[in-house]
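This report refers to the structure that appears directly beneath it.
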Amino acid sequence: MPPARRIRAVPTPGSTYKATGTKARAQARRQKTTTNKTRNTSKTREYHIHINKPGADNGGGAAGQWSKQSPIGDAEFLSAGHVRAFAERGRRAMRQAAMDFSYAHEALRAVLREVPPPTGENRMQMYAKANKVARSLKRAANAAQAASAHSARTWPAFMREYEPWLNQFGGPRPETRKRMNFGA
1 MPPARRIRAV PTPGSTYKAT GTKARAQARR QKTTTNKTRN TSKTREYHIH INKPGADNGG
61 GAAGQWSKQS PIGDAEFLSA GHVRAFAERG RRAMRQAAMD FSYAHEALRA VLREVPPPTG
121 ENRMQMYAKA NKVARSLKRA ANAAQAASAH SARTWPAFMR EYEPWLNQFG GPRPETRKRM
181 NFGA
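Residue numbers (the working numbering): 1 to 184.
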């Protein structure tokens, strides 16, 4: 049976002890990390209430920086009207993006087809290269068109799935438009 290995701890200036063996270093590391942690053993909870002023720049959350820069807007789903409005805004934004990508695809392809072929290549090879380069924009246009269609399907799917539950509370509230009386 081999003799037991001794772990030697040597004090260094600035610290209490410096462990020299591998196990001793690991043990010292564990001891160092566990002694610095403070643990809350009380069973109380702290609640923080933040009151946001309307129109204030609150930052973060669903109505944070992302939604201010997004053409779709806030993702607040507090009522059925919010779901419908968000789906409609998403449909409009994606439809516009699909048209932009489609126009960009056509323009890039037309510009690249006009590049004169280098020696040893013919015009048809240049057309094939132009189509290959512009293909990604065409795929982006198709994806935006599909995103527009899926966004448009959100509201009917919501109504189909949640209509019985909404009818218990009187159904989704119709949008009330203010009447403009210009003559009287």
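Even for Gly, the Cβ is constructed at its ideal location relative to N, Cα and C.
Separation of Met180 from Gly81, as counted between CA atoms: For the purposes of this step, residue 81 is taken as residue 81 along the sequence shown, with counting starting at 1. For the purposes of this step, residue 180 is taken as residue 180 along the sequence shown, with counting starting at 1. As the crow flies, the alpha-carbon of Gly81 is around 23 Å from that of Met180.
C-beta neighbour in chain B for Val133, strict 8 Å: Of the protein chains in this structure there is only one, and it is not chain B.
Collapsed DSSP secondary structure at Met126 in the structure displayed: The count along the sequence shown starts at 1 and reaches residue 126 at position 126. Helix at Met126.
For Gly120, the first and last residue of its enclosing alpha helix (DSSP H): Position 120 of the sequence shown, counted from the start, is the residue given in the question as residue 120. Bounds of any alpha helix (DSSP H) do not take in Gly120, whose DSSP letter is neither H nor E.
Residues near Ala140 by beta carbon distance below 7 Å, same chain, minus five either side: Position 140 of the sequence shown, counting from 1, holds the residue named residue 140. Answer for Ala140: Phe101, listed in chain order.
Euclidean distance between Cα positions of Lys23 and Arg29: The residue you call residue 23 lines up with position 23 of the sequence shown. The residue you call residue 29 lines up with position 29 of the sequence shown. About 10 Å.
Host alpha helix (DSSP H) of Phe101 (start-end): For this step, residue 101 is matched to residue 101 along the sequence shown. Counted as a single uninterrupted DSSP element, the alpha helix (DSSP H) harbouring Phe101 occupies residues Ala80 to Arg113.
Same chain, Cβ closer than 7 Å to Ser151, five either side skipped, listed in chain order: In the sequence shown, the residue the question calls residue 151 occupies position 151. Cβ neighbours of Ser151 within its own chain (closer than 7 Å, five residues either side excluded): Ala87, Gly90, Arg91 and Met94.
Asn58 (DSSP reduced to helix, strand or coil): Locating residue 58 in the sequence shown gives position 58, counting from the first residue. With a pLDDT of 45 at Asn58, under the threshold of 50, the modelled position of this residue cannot be trusted, and the question is left open.
Endpoints, the alpha helix (DSSP H) within which Pro164 is located: Locating residue 164 in the sequence shown gives position 164, counting from the first residue. Taken as a continuous stretch (DSSP letters only), the alpha helix (DSSP H) holding Pro164 covers Thr154 to Gln168.
C-beta contact flag for Lys129 and His105 at 8 Å: As a position in the sequence shown, residue 129 is number 129, starting the count at 1. As a position in the sequence shown, residue 105 is number 105, starting the count at 1. Note that the C-beta distance between Lys129 and His105 is not below 8 Å.
Presumed contact (8 Å Cβ cut-off) between Gln117 and Arg109, rounded CB distance: Counting from one through the sequence shown, the residue named residue 117 turns up at place 117. Counting from one through the sequence shown, the residue named residue 109 turns up at place 109. Per the sequence shown, residue 117 should be read as Pro rather than Gln. About 16 Å separates the beta carbons of Pro117 and Arg109, which is beyond the 8 Å limit, so they are not a contact pair.
Beta-carbon proximity list for Ala98, same chain, < 7 Å, skipping 5 on both sides: Translated into the one-based positions of the sequence shown, residue 98 becomes position 98. Result list for Ala98: Ala141, Ala144, Gln145 and Ser148, in chain order.
Beta carbon of Phe158 nearer than 8 Å to that of Val83: Along the sequence shown, one-based indexing puts residue 158 at 158. Along the sequence shown, one-based indexing puts residue 83 at 83. Between Phe158 and Val83, the C-beta gap is smaller than 8 Å, which places the two residues in contact.
Given Tyr127 as reference, the closest of Trp155, Thr154 and Leu112 once Cα atoms are compared: Here residue 127 corresponds to residue number 127 of the sequence shown, with the count starting at 1. The shortest Cα separation from Tyr127 among Trp155, Thr154 and Leu112 belongs to Leu112.
Distance, Arg135 Cα to Ala107 Cα: As a working note, residue 107 is residue 107 in the sequence shown. As a working note, residue 135 is residue 135 in the sequence shown. Going by C-alpha positions, Ala107 is about 12 Å away from Arg135.
Reference Pro71; option with closest CA among Phe77, Lys178 and Ala85: Along the sequence shown, one-based indexing puts residue 71 at 71. The shortest Cα separation from Pro71 among Phe77, Lys178 and Ala85 belongs to Ala85.
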